[in-house]
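Last residue of the sequence shown? That's 419 in numbering that gives the first Met the number 0, and every number before it is there in order.
Okay, so here's the structure we're looking at.
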Amino acid sequence: MNFVYADKEGNVYDHPDYLALGRSADMITELLEDELIPLPEGATLVSLPDTRAVYLDPDSGEMRPFDSAYTAVGALLPQGYTRLLLPGYIKADKTKSLPLFGYTAVVWKDGGFHAAARLTDDPERWNPRNCDVAELELQVERLVAKYPENRLYQHLSNCALGYECLTASNTFLQRWEGAVPVSYSCNAGCFGCISEQPDDSGFPAPQTRMNFKPKVDEIVEIMLEHLRGPDSIISFGQGCEGEPSTQAALIVPAMRKVREITDVGFININTNAGLTDHIRGIVDAGLNLMRVSTISALDDHYNAYYRPRGYTLKNVERSLRYAADKGVVTSINYLIFPGVTDREEEIEAMIEFARRTDLKLIQMRNLNIDPEAYLNIIPKAQGDILGMGQMIDIFREELPHVVIGSYTHVPSDIVGSDRR
């Protein structure tokens, strides 16, 4: 397991005399063979600016920082893969924050790069190579021309072609899960929000949030264009917007109009679920799927990251329970972080949360954050850190009716599924 590092130009090297290390929260740790998989197709190697890579000298058994002229290297994993460890590094400049990505430990082994990760879902549907750019450009042009007054199509065209957002791209390619953003406002001030950050945050948001309030007819047009096949999903709540349920007054009539015309496909909402009354209205209008974003089932950890405005984790739980009782297939968008999510207290709390809310799916999503910044705002560990792999195994053992995955699925892929 050769140690890897990068020069200032981004060229990546391995060192045959030194062993690679990983990191769990703020602890540098050795890598195990069974934690490594070949670097998945669609993964990207990146250098970690303002860091020094840490390696293990097999002769002395000491962990040491590498030459300061070089930086640590991490892998950014595609959908379907859950990271088990962060790269082994220390900050060269503690005043600098890393860009908002989910960094994974990477090594050179058996003639190729390997990452500390586990496959938790089928990656094929969200593999970027399945998005033909030439075809996408044609479909963007076609739908923008067909609906010249629809500002949502214009907004999504930048998401698809500029940010290369696959969900936005699906909207134009009219397949799988598509996007219909609706909200420019939010009822949370997430520490790691990817669409809006205060000027003094230290890490700029990588996306621009939508800045207009759409009309019901604009929403309906996108929904009807997308809901054409039996497995089509149209989703409120994207990375380019705030909390969609703040716009329930738009979502509810749009859903009702759509369902008066067609019962094809599935309507989904990606939400923090804090506005329980709004969620009830959306559920009652005919919602099929609901994915709730969370980072923890512990109040102090949840509040430190989401910084909720006018709601609590209890509201989130009530929303999930109401939706489940009404037949909505519910899941959580679980923002995971090695050395935090796999703490004993976190695992125990999440198991009980999943049982109380009758969850059907846990979507394991690698948290995009600067590790030091995140660790500085959340509660310190109380129990043992069990490891990400063991955490996944515990979930599968303790929650036999909950599917472990990485993204939203149609109900036939979830309910009664043996895909554990």
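Each residue gets a CB set at the ideal place from its N, CA and C atoms; glycine is no exception.
Please identify the residue among Ala159, Arg174 and Gln138 whose C-alpha is closest to the C-alpha of alanine 167. Nearest in C-alpha terms to alanine 167, of all of Ala159, Arg174 and Gln138, is Ala159.
Helix, strand or coil, according to DSSP, for glutamate 217 in the structure here? helix
At which residue ranges does the segment 263-289 contain complete alpha helix (DSSP H) runs of 4 or more residues, listed in the order of the chain? 275-283
Nearest to glycine 309 (by Cα), restricted to the options Phe336, Ser292 and Gly273: Gly273
Inter-stretch contact at 8 Å, needing at least 3 Cβ pairs: the segment 65-83 / the segment 139-146: They do not touch, by the three-pair rule.
Leaving out five residues before and five after asparagine 256 in sequence, what residues of the same chain have Cβ atoms less than 6 Å from its Cβ? In the sequence as presented, asparagine is not what sits at residue 256; that position holds lysine. Val219, listed in sequence order.
Check for me: the alpha helix (DSSP H) holding threonine 166 runs from which residue to which? In the DSSP assignment, threonine 166 falls within the alpha helix (DSSP H) that extends over 165-172.
Should arginine 354 go down as buried or exposed, given a rule of 16 or more other Cβ atoms within 10 Å for buried? exposed
Would you check if the distance between the CB atom of glutamate 344 and the CB atom of glutamine 381 is smaller than 7 Å? Yes, Cβ-Cβ distance for glutamate 344 and glutamine 381 is below 7 Å.
Rounded C-alpha distance that separates glutamine 389 from proline 399: 15 Å
Any contact between the segment 124-131 and the segment 96-105? By contact I mean 3 or more CB pairs, one from each, below 8 Å. By the Cβ criterion, the segment 124-131 is not in contact with the segment 96-105, since fewer than three pairs of Cβ atoms, one from each stretch, lie closer than 8 Å.
Where alanine 187 falls: helix, strand or coil (DSSP): strand
From alanine 178 to leucine 360, what does the alpha carbon distance come to, in whole angstroms? 20 Å
Who does glycine 101 pair with in a DSSP beta bridge? For glycine 101, which the question treats as bridged, DSSP gives no partner whatsoever.
Integer-rounded CB distance, given that threonine 103 should sit under 8 Å from isoleucine 232: Your pair isoleucine 232 and threonine 103 does not check out as a contact, with CB atoms roughly 27 Å apart and the cut at 8 Å.
For asparagine 271 and asparagine 365, I'd like the C-alpha separation in whole angstroms. 17 Å
If we call anything under 7 Å between Cβ atoms a contact, is leucine 312 one with aspartate 298? yes
At which residues does the alpha helix (DSSP H) containing lysine 90 begin and terminate? Careful: lysine 90 lies outside any alpha helix (DSSP H), inside the beta strand (DSSP E) at 88-90.
Taking the straight line between their C-alpha atoms, what separation do you get for glycine 241 and phenylalanine 190? 13 Å
Three or more beta-carbon pairs under 8 Å between the segment 130-142 and the segment 103-114, yes or no? Fewer than three Cβ pairs drawn from the segment 130-142 and the segment 103-114 lie within less than 8 Å of each other, which leaves the two stretches out of contact.
If you count every other CB in all the chains shown that lies within 10 Å of the CB of proline 180, and 16 or more means buried, which is it? buried
Quick check: the segment 318-333 against the segment 4-11, are there 3 or more CB pairs under 8 Å? no
Would you call the CB atoms of serine 405 and glutamine 153 closer than 7 Å? no
Report the CB separation of isoleucine 331 from arginine 290 in whole angstroms; it is logged as a contact under 8 Å. 7 Å
Residue interval of the beta strand (DSSP E) (run including threonine 50): 50-56
Helix, strand or coil: how does DSSP classify methionine 390 here? helix
Using three-state DSSP, classify threonine 329 as helix, strand or coil. Residue state, collapsed to three classes: strand.
Is the distance from the Cβ of glutamate 176 to the Cβ of asparagine 169 below 7 Å? yes
Can you grab the Cα-Cα spacing for the pair isoleucine 294 / valine 282, in whole Å? 23 Å
Under the three-state reduction of DSSP, which class applies to lysine 7: helix, strand or coil? coil
Paired residues, beta bridge with tyrosine 321 - DSSP: Paired residue(s): none; tyrosine 321 is not in a bridge.
Terminal residues of the alpha helix (DSSP H) in which proline 252 lies: 247-260
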